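A.B. asks: Sharing a structure here in structure tokens format.
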Amino acid sequence: FSDPASNLGLEDIIRKALMGNMEEKQE
Amino acid sequence: NRMHLVCPMNTSPYVDPQKSGHSIWEEFSMSFTPAVREVVEFAKRIPGFKDLSQHDQVSLLKAGTFEVLVVRFTSLFDVKERTVTFLSGRKYSVEVLRSMGAGDLLNSMFDFTEKLQALNLSEEEMSLFTAVVLVSADRSGLENVNSVEALQETLIRALRSLITKNHPNEIAIFTKLLLKLPDLRSLNNMHSEQLLAFKVHP
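Protein chains in written order, with this note's numbering: chain L, 13 to 39; chain R, 7 to 208.
Structure, rendered in structure tokens:
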């Protein structure tokens, strides 16, 4: 339990919310 | 046998004792997810944020989302009435929340809110301050510290310029704002400890 943000599922939510931005950047 | 979850990102602090720790966690996650998405959308609008590497965007958001939410949701903490408004819109007094197990973190949130509200920042100032909170080059796990640092410096310069323009006789406001950054770190650490305790003893 060393990473509360990951345990909360926060990273997953953040990655999904950023996805549009990331895809745009990869193009 | 936790009966309460005293985070205003819930609809209510009361937890159904019949529910499993996992389902309580799932419901809690569904409650705060929209707020986290809003933080991500806010980050995307910070000029220069999208130019950072994907890894660093995620790292900054992972580390700073709670602090951004604290700044954005100071309105949930009524300093005069000593109440906290939960997502359902219902208010709970500090005394009631204390009886549910809320401790130092709640007191510190009120202290922070009171000091921040006393600065009477405009929406634009608050928004720029929030960007400074998020783009911090000393967050752990960053792969390109120099890029984050450069963006951080640009944002801090912009904040100083805005404060100087809006409050020509009160430049101390800028200093006071920067001093809020370690306060937010401290709140973040206390919150992380609560989360760990919750995860270990849901």
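Glycine residues also receive a C-beta, built at the ideal position from the N, C-alpha and C atoms.
What you are looking at is a predicted structure, and each value in this text was computed from that prediction instead of being measured.
Leaving out the 5 sequence neighbours to the left and right, which residues in its chain are closer than 8 Å to Leu125(R) when beta-carbon positions are compared?
C.D. replies: Cβ within range, chain order: Ile179, Lys182 and Leu183.
A.B. asks: Examine the Cβ distances between the segment 79 to 91 of chain R and the segment 53 to 64 of chain R and report whether three or more of them are shorter than 8 Å.
C.D. replies: Short answer: they don't touch.
A.B. asks: With DSSP as the reference, label Lys86(R) as helix, strand or coil.
C.D. replies: coil
A.B. asks: Rounded to whole angstroms, how far is the Cβ of Ala143(R) from the Cβ of Val151(R), which I believe are closer than 8 Å?
C.D. replies: 5 Å
A.B. asks: So for Thr160(R), helix, strand or coil by DSSP?
C.D. replies: helix
A.B. asks: Mind listing which residues of the segment 55 to 69 of chain R have their C-beta closer than 8 Å to chain L's C-betas, in chain order?
C.D. replies: Lys56, Gln60, Gln63, Val64, Leu67, Lys68 and Ala69
A.B. asks: What residue range does the alpha helix (DSSP H) around Ser35(R) cover?
C.D. replies: First-last of the alpha helix (DSSP H) with Ser35(R): Gly27 to Lys50.
A.B. asks: Can you find a CB in chain L that lies within less than 7 Å of the CB of Val42(R)?
C.D. replies: yes
A.B. asks: Using only CA atoms, which one of Ser37(R), Leu134(R) and Asp62(R) lies nearest to Arg51(R)?
C.D. replies: Leu134(R)
A.B. asks: Which residues in the same chain as Ile25(L) place their Cβ atom closer than 6 Å to its Cβ, once the five residues preceding and following it in sequence are excluded?
C.D. replies: none
A.B. asks: Just to make sure I have the definition right: I need the residues of chain L whose C-beta is within less than 7 Å of the C-beta of Val46(R). Which are they?
C.D. replies: For Val46(R), the chain L residues whose Cβ falls inside 7 Å of its Cβ are Ile26, Ala29 and Leu30, in order along the chain.
A.B. asks: Do you know how far the Cα of Thr17(R) is from the Cα of Asn113(R)?
C.D. replies: Approximately 21 Å, taken between the alpha carbons.
A.B. asks: Pull up the distance between the alpha-carbon of Met36(R) and that of Ile162(R), whole angstroms please.
C.D. replies: 34 Å
A.B. asks: At a Cβ threshold of 7 Å, is Ser35(R) touching chain A?
C.D. replies: Of the chains in the structure shown, none is chain A; the protein chains are L and R.
A.B. asks: In angstroms with no decimal places, state the Cα-to-Cα distance between Leu201(R) and Ser167(R).
C.D. replies: 37 Å
A.B. asks: Got a sec, what are the start and stop residues for the alpha helix (DSSP H) Leu105(R) sits in?
C.D. replies: According to the sequence shown, residue 105(R) is Ser rather than Leu. Element bounds for Ser105(R): Val100 to Ser105.
A.B. asks: Would Glu39(L) count as contacting chain R if we go by Cβ distances under 7 Å?
C.D. replies: With a pLDDT of only 44 at Glu39(L), under the threshold of 50, the placement of this residue in the model should not be trusted, and no figure is reported.
A.B. asks: Using the Cβ count rule (16 or more neighbours within 10 Å means buried), how would you classify Ser14(L)?
C.D. replies: Any reading at Ser14(L) must be qualified, since the residue scores a pLDDT of 48, below 50, and its modelled position is unreliable; the value itself is stated next. Here Ser14(L) is exposed, its C-beta having fewer than 16 other C-beta atoms within 10 Å.
A.B. asks: Is DSSP giving His173(R) helix, strand or coil here?
C.D. replies: coil
A.B. asks: Which residues share a DSSP beta bridge with Thr91(R)?
C.D. replies: Lys97(R), per the DSSP bridge assignment.
A.B. asks: Nearest to Arg43(R) by alpha carbon, out of Phe72(R), Ser29(R) and Ile30(R)?
C.D. replies: Of the candidates Phe72(R), Ser29(R) and Ile30(R), the one whose C-alpha sits nearest the C-alpha of Arg43(R) is Phe72(R).
A.B. asks: Give me the chain L residues within the contact set of Thr39(R), using Cβ-Cβ distance strictly less than 7 Å, ordered along the chain.
C.D. replies: Ile25
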